[in-house]
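Peer 1: Provided herewith is a single structure, encoded as structure tokens, for subsequent inquiry.
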Amino acid sequence: MDNSLLEMDLSTLPKENWWGDHDYLYKVGGFWLLPQFIQSICRVVKHFKPIPSDIILASYPKTGTTWLKSLVFSIVHRSSKHRLSINHPHDLVPTLEVQVFTTSDVVPCSENQSNRIFSTHIPYQLLSETLDSSECRVVYVTRNPKDTLVSTWHFVNKWKKALDCPWQLDVAIDKFCHGLSPCGPYYDHVMGYKKLSLERPTNVFFITYEELRADPITHVKRLGEFLGFPFEGNEQVQEVVNSCSFEVLSNYEVNRSEESPTWFQLPYNSFFRKGDVGDHKNYLSDETIERIDALTREKFHSLGFNYGT
Ligand code: A3P
Numbered sequence: 088m089d090n091s092l093l094e095m096d097l098s099t100l101p102k103e104n105w106w107g108d109h110d111y112l113y114k115v116g117g118f119w120l121l122p123q124f125i126q127s128i129c130r131v132v133k134h135f136k137p138i139p140s141d142i143i144l145a146s147y148p149k150t151g152t153t154w155l156k157s158l159v160f161s162i163v164h165r166s167s168k169h170r171l172s173i174n175h176p177h178d179l180v181p182t183l184e185v186q187v188f189t190t191s192d193v194v195p196c197s198e199n200q201s202n203r204i205f206s207t208h209i210p211y212q213l214l215s216e217t218l219d220s221s222e223c224r225v226v227y228v229t230r231n232p233k234d235t236l237v238s239t240w241h242f243v244n245k246w247k248k249a250l251d252c253p254w255q256l257d258v259a260i261d262k263f264c265h266g267l268s269p270c271g272p273y274y275d276h277v278m279g280y281k282k283l284s285l286e287r288p289t290n291v292f293f294i295t296y297e298e299l300r301a302d303p304i305t306h307v308k309r310l311g312e313f314l315g316f317p318f319e320g321n322e323q324v325q326e327v328v329n330s331c332s333f334e335v336l337s338n339y340e341v342n343r344s345e346e347s348p349t350w351f352q353l354p355y356n357s358f359f360r361k362g363d364v365g366d367h368k369n370y371l372s373d374e375t376i377e378r379i380d381a382l383t384r385e386k387f388h389s390l391g392f393n394y395g396t
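The following block contains the structure:
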């Protein structure tokens, strides 16, 4: 990220309407950001110095972050079932720009702790200097664009003001296709980390929501090896997979709670909706599916990443 962008004055940034009459996204380094997170994103970019034992979970919003947080937390802290039953995954693994770098403290997190786990939605293109200069491990999860869009649309409509002014699906589709969503464009976000994973496979693990859904045992085992916490047998892997399943997690009181955390305006339960692959078929017309698939072919397939259609 260009250092001149670090002391940012919102009024100088390009902005576009995103939702309703008053919600704007601001463009920073080619990505659209929510104004309330711009200063903290700048702080992360400027001050966060990952140590080699750090684990960073990176994702575009609504692609499986909550699930990945619970899985990686369980892989690192074996026997974490009890902690998962009383803590929301987002409280176990904080998001750098939402829960950690929220004040102007230069070093808000202790560097004396090993195996710290953080997450972020910051695009690689903005965080490249931080990640390139560190031996920390990065796990990136992505999800097919149509399910990501539908999940985002549901999530946004949980905001209180959506009661009066729901976000229309056709508007959401149009914004998504134009790259206009928090941390979007989606395709650039995914390709940033995808390329990084090909360049630095020892440090960056790239996984899709669909792969995790189809064969969680294999991929959780791979994740354990990648993170330096290998499993001793399939029973242990199965235990982690079961304790992090949508069915188990979404039934804990803490994850069903209508209360909002201090760090976000939506209730804890908004991070658990359905957890299916292919739910977009229940919402998107054939024409819209073809529109997004054409975009996916252009943005992913033409670069050799045959995913998402
Ligand atoms: P849906 O809206 O399609 O149900 P994120 O965590 O990045 O915000 O993504 C949220 C999506 O992941 C939601 O998708 C949510 O239901 C799903 N999800 C949350 N926990 C999950 C889990 N343990 N297993 C599978 N999917 C999960």
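Each step along the sequence shown adds one to the number in this note's numbering, with nothing skipped, and position 247 is 334.
Glycine residues also receive a C-beta, built at the ideal position from the N, C-alpha and C atoms.
Just so you know, these numbers come straight off a predicted model, no measurement behind them.
Count the other CB atoms within 10 Å of the CB of Asn342; is the residue buried (16 or more) or exposed (fewer)?
Peer 2: As a first step, residue 342 is located in the sequence shown; it is residue number 255 there, counting from the start. Buried, by the Cβ-count rule.
Peer 1: What whole-angstrom Cβ distance do Gln398 and Gly116 have, given they're in contact under 8 Å?
Peer 2: No answer is possible for residue 398: the residues shown for the chain start at 88 and end at 396.
Peer 1: Given this structure, state the Cα-to-Cα distance separating Asn231 from Phe135, to the nearest angstrom.
Peer 2: Sequence index remark: in the sequence shown, residue 231 carries index 144 (1-based). Sequence index remark: in the sequence shown, residue 135 carries index 48 (1-based). Cα-Cα distance, rounded: 30 Å.
Peer 1: With DSSP as the reference, label Leu144 as helix, strand or coil.
Peer 2: The residue given as residue 144 occupies position 57 in the sequence shown. Of the three classes helix, strand and coil, the one that applies to Leu144 here is strand, per DSSP.
Peer 1: On the CB-based measure, 16 or more other CB atoms within 10 Å of its CB, does Lys308 come out buried or exposed?
Peer 2: Walking along the sequence shown from the start, residue 308 turns up at place 221. Classification of Lys308: buried, given that the 10 Å Cβ count is 16 or more.
Peer 1: Taking Leu382 as the reference, which of Asn356, Asp251, Trp246 and Lys233 has the closest Cα?
Peer 2: Here residue 382 refers to the residue found at position 295 when the sequence shown is read from its first residue. Ranking the options by Cα distance to Leu382, first place goes to Lys233.
Peer 1: Once the 5 residues before and after Pro139 are set aside, which same chain residues still bring their CB inside 8 Å of it?
Peer 2: By one-based count along the sequence shown, residue 139 stands at place 52. Spatial neighbours of Pro139 in its own chain (CB-CB distance under 8 Å, excluding positions within 5 residues in sequence) are listed in chain order as Ser221, Glu222 and Cys223.
Peer 1: Expressed to the nearest angstrom, what Euclidean distance is found between the alpha-carbon atoms of Gly320 and Ser157?
Peer 2: In the sequence shown, residue 320 corresponds to position 233, counting from 1. In the sequence shown, residue 157 corresponds to position 70, counting from 1. If I take the Cα positions, the gap works out to 20 Å.
Peer 1: Output needed for Asn244: all residues of its chain with C-beta closer than 7 Å, excluding positions within five of it in sequence on either side, in chain order.
Peer 2: Along the sequence shown, read from residue 1 onward, the residue named residue 244 stands at position 157. So the qualifying residues of the chain are Pro253 and Trp254.
Peer 1: Here's the rule: buried if 16 or more other CB atoms are within 10 angstroms of the residue's CB, otherwise exposed. What is Gly271?
Peer 2: Taking the first residue of the sequence shown as 1, we reach residue 271 at position 184. That one is buried.
Peer 1: Name the two residues that bound the continuous beta strand (DSSP E) containing Thr189.
Peer 2: Taking the first residue of the sequence shown as 1, we reach residue 189 at position 102. Here Thr189 belongs to no beta strand (DSSP E), and DSSP marks it neither H nor E.
Peer 1: Report yes if the C-beta of Lys245 is less than 7 Å from at least one heavy atom of the ligand A3P; otherwise report no.
Peer 2: Residue 245 sits at position 158 when you count from the first residue of the sequence shown. No - the ligand A3P has no heavy atom lying nearer than 7 Å to the Cβ of Lys245.
Peer 1: Ends of the beta strand (DSSP E) at Trp240?
Peer 2: By 1-based counting over the sequence shown, the position of residue 240 is 153. Trp240 -> not in any beta strand (DSSP E); alpha helix (DSSP H) instead, spanning Pro232 to Val243.
Peer 1: So what does DSSP say about Pro311, is it helix, strand or coil?
Peer 2: Position 224 of the sequence shown, counting from 1, holds the residue named residue 311. Here the sequence assigns Gly to residue 311, which means Pro is not the residue at that position. Helix, per DSSP.
Peer 1: Alpha carbon to alpha carbon, what distance is there between Asn174 and Phe205?
Peer 2: As a first step, residue 205 is located in the sequence shown; it is residue number 118 there, counting from the start. As a first step, residue 174 is located in the sequence shown; it is residue number 87 there, counting from the start. Phe205 and Asn174: Cα-Cα distance of roughly 16 Å.
Peer 1: Could you check if Asp219 is buried or exposed, using at least 16 other CB atoms within 10 Å of its CB as the buried criterion?
Peer 2: By one-based count along the sequence shown, residue 219 stands at place 132. Counting the other CB atoms within 10 Å of its CB gives Asp219 a total below 16, which places it among the exposed residues.
Peer 1: Do Asn379 and Cys196 have their C-beta atoms within less than 8 Å of each other?
Peer 2: Here the question's residue 379 lines up with position 292 in the sequence shown. Here the question's residue 196 lines up with position 109 in the sequence shown. A small correction: the amino acid at residue 379 is Ile; Asn does not occupy that position in the sequence shown. At a Cβ-Cβ threshold of 8 Å, Ile379 and Cys196 do not count as neighbours.
Peer 1: If I'm right that Val226 touches Ile142 with Cβ under 8 Å, what's the distance once you round it to whole angstroms?
Peer 2: Start at 1 with the first residue of the sequence shown, and residue 226 comes out as number 139. Start at 1 with the first residue of the sequence shown, and residue 142 comes out as number 55. That pair is a contact at about 7 Å.
Peer 1: Does any heavy atom of the ligand A3P sit closer than 7 Å to the C-beta of His265?
Peer 2: As a position in the sequence shown, residue 265 is number 178, starting the count at 1. Result no, Cβ not under 7 Å from the ligand A3P.
Peer 1: Given Arg130, which residues of its chain have a CB within under 6 Å of its CB, disregarding the five upstream and five downstream residues?
Peer 2: What you label residue 130 is simply residue 43 of the sequence shown in a count that begins at 1. So the list reads Phe188, once near-sequence residues are dropped.
Peer 1: When you compare only the Cα positions, how much space is there between Asp373 and Phe293?
Peer 2: Here residue 373 refers to the residue found at position 286 when the sequence shown is read from its first residue. Here residue 293 refers to the residue found at position 206 when the sequence shown is read from its first residue. Rounded to whole angstroms, Asp373 to Phe293 spans 29 Å at the Cα level.
Peer 1: Tell whether a beta-carbon distance below 8 Å holds between Leu237 and His388.
Peer 2: Locating residue 237 in the sequence shown gives position 150, counting from the first residue. Locating residue 388 in the sequence shown gives position 301, counting from the first residue. The residue you asked about is not Leu; residue 237 is Val in the sequence shown. For Val237 and His388, no; Cβs fall outside 8 Å.
Peer 1: The ligand A3P and Trp350: does any heavy atom of the ligand fall closer than 7 Å to the residue's C-beta?
Peer 2: As a position in the sequence shown, residue 350 is number 263, starting the count at 1. No; taking the cut-off as 7 Å, the Cβ of Trp350 has no heavy atom of the ligand A3P nearer than that.
Peer 1: Is it buried or exposed, Gln186, if we count other Cβ atoms within 10 angstroms and call 16 or more buried?
Peer 2: Here residue 186 refers to the residue found at position 99 when the sequence shown is read from its first residue. The residue in question, Gln186, is buried, as its Cβ has 16 or more Cβ neighbours within 10 Å.
Peer 1: Is there contact between the segment 326-336 and the segment 298-314, where contact requires at least three CB pairs shorter than 8 Å?
Peer 2: yes
Peer 1: Could you give the distance in angstroms between the alpha-carbon of Leu299 and the alpha-carbon of His109?
Peer 2: By one-based count along the sequence shown, residue 299 stands at place 212. By one-based count along the sequence shown, residue 109 stands at place 22. Computed Cα separation, rounded: 37 Å.
Peer 1: Identify which residue in Leu121, Leu283, His177 and Trp240 has its Cα closest to the Cα of Leu97.
Peer 2: As a working mapping, residue 97 is identified with position 10 in the sequence shown. Leu97 has its Cα closest to that of Leu121, out of Leu121, Leu283, His177 and Trp240.
Peer 1: Give the straight-line distance between the Cα atoms of Ile376 and Asp261, rounded to the nearest whole angstrom.
Peer 2: Here residue 376 refers to the residue found at position 289 when the sequence shown is read from its first residue. Here residue 261 refers to the residue found at position 174 when the sequence shown is read from its first residue. C-alpha separation (whole angstroms): 12 Å.
Peer 1: Would Leu336 and Leu171 qualify as a contact pair, given that the criterion is a beta-carbon distance under 8 Å?
Peer 2: Mapped onto the sequence shown, residue 336 falls at position 249. Mapped onto the sequence shown, residue 171 falls at position 84. Closer than 8 Å, so yes.
Peer 1: Drop a sphere of 10 angstroms on the beta-carbon of Thr152, count the other beta-carbons inside from all chains shown, and report buried for 16 or more, exposed for fewer.
Peer 2: For the purposes of this step, residue 152 is taken as the residue at position 65 of the sequence shown. By the 10 Å Cβ count, Thr152 comes out buried.
Peer 1: Curious, which full-length alpha helix (DSSP H) runs of at least 4 residues does the segment 254-304 contain?
Peer 2: Entirely contained in the segment 254-304, the alpha helix (DSSP H) runs reaching 4 residues are, in chain order, 256-264, 273-286 and 296-301.
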